[in-house]
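So the sequences go chain by chain: Z and U.
Using this note's numbering, the letters of the first sequence correspond one by one to residues 13 to 86.
Using this note's numbering, the letters of the second sequence correspond one by one to residues 4 to 154.
Quick reminder that beta carbons are idealized off the backbone N, C-alpha and C, glycines included.
Right, one structure below, let's go through it.
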Amino acid sequence: MLQRKKRTCRFCEAGDLFIDFRDEKRLVRFLSEQGKIVPRRTSGNCNQHQRQLAQAIKRARHLALIPYVSDIPR
Amino acid sequence: MERLYNTIFIVDISQNPDESETVTSRIQQLIEDYGGIIKKMNRWGKRRLTYPIMKKSHGFYVEIEFTANSRLNIPTTLEGEYRINDRVLRHMTYIVDKKELIQREKNAGKIKRAEAITNAARSPVVESRENIQPASELPIDPEKDNQSVKE
Chain Z
13 MLQRKKRTCR FCEAGDLFID FRDEKRLVRF LSEQGKIVPR RTSGNCNQHQ
63 RQLAQAIKRA RHLALIPYVS DIPR
Chain U
4 MERLYNTIFI VDISQNPDES ETVTSRIQQL IEDYGGIIKK MNRWGKRRLT
54 YPIMKKSHGF YVEIEFTANS RLNIPTTLEG EYRINDRVLR HMTYIVDKKE
104 LIQREKNAGK IKRAEAITNA ARSPVVESRE NIQPASELPI DPEKDNQSVK
154 E
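Take a look at the structure:
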């Protein structure tokens, strides 16, 4: 059995309380190539931060800061 | 209950670049007329939209932060204005969370600390400049003084 290295929440490590939707460069890291939100099991985020992140991404999408869908691989 | 709101809207400036100012002043006036107090105004400026909205590729982003009583229902009146105004491409109004305020304070503290470090690193250079300047000024100063006396 291969044992994967356990990922830790990046926001907890940085000590962030709030994830800002204006910071689109940071949000893009948690999107797939298509622009979908990366699940918790791959990003390693904790529950609270993943929920905040989802809200931030949805707000940024609405304001056209990040795309709803993108086919161009980054 | 007194609340802190934040409203962001995108103005279409493809036809008239001054449109952003007229729309922002209108929104500002609306907030103040209905009893809100504007705390902060932030013009992000012209930005490229990541996807076209109403066939427009660029928009002017404006952010206004204001406090108001929740009974005044300012977000609803703003919503009505945004919907009628066809120059507004997108809008969003939300209640600012406590966590966001704490995070902002934290970030401000980080920036201050970074500035202090950079200033400390720069200070010897500034001192050396100051040392040079008086030396060059010294011979000129007495002449100036003499001139002023003569005059």
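Residues of the segment 19 to 41 of chain Z with a Cβ closer than 7 Å to any Cβ of chain U, in chain order: D28, L29 and F30.
Put simply, the backbone Cα of G39 (chain U) is about 22 Å away from that of V14 (chain U).
For C21 (chain Z), the closest alpha carbon among the candidates Z:I49, Z:P79, Z:D83 and Z:Q62 is that of Z:Q62. Following the DSSP letters along the chain, one finds N59 (chain Z) inside the alpha helix (DSSP H) bounded by residues N59 to H74. Around R90 (chain U), the same chain offers V14, D15, E22 and V26 as residues with beta carbons nearer than 7 Å, after the five sequence neighbours per side are excluded. A distance of 8 Å or more separates the beta carbons of V81 (chain Z) and G56 (chain Z). For K18 (chain Z), no alpha helix (DSSP H) encloses it, and the DSSP letter there is neither H nor E. Residue-level contact by beta carbon holds for M95 (chain U) and chain Z, with a gap shorter than 8 Å.
Taking 8 Å as the upper bound for CB-CB distance, E5 (chain U) and N72 (chain U) are in contact here, some 6 Å apart. Minimum Cα-Cα distance from R51 (chain U) among the listed residues U:Y64, U:K43 and U:K42 corresponds to U:Y64. For A68 (chain Z), the nearest beta carbon of chain U is not closer than 8 Å to its own beta carbon. Of the residues assessed, Q32 (chain U) falls on the exposed side of the cut-off, its CB having fewer than 16 other CB atoms within 10 angstroms. Taking a beta-carbon distance threshold of 8 Å, Y8 (chain U) does not count as an interface residue toward chain Z. Between A72 (chain Z) and L29 (chain Z), the C-beta gap is not smaller than 8 Å, which leaves the two residues out of contact.
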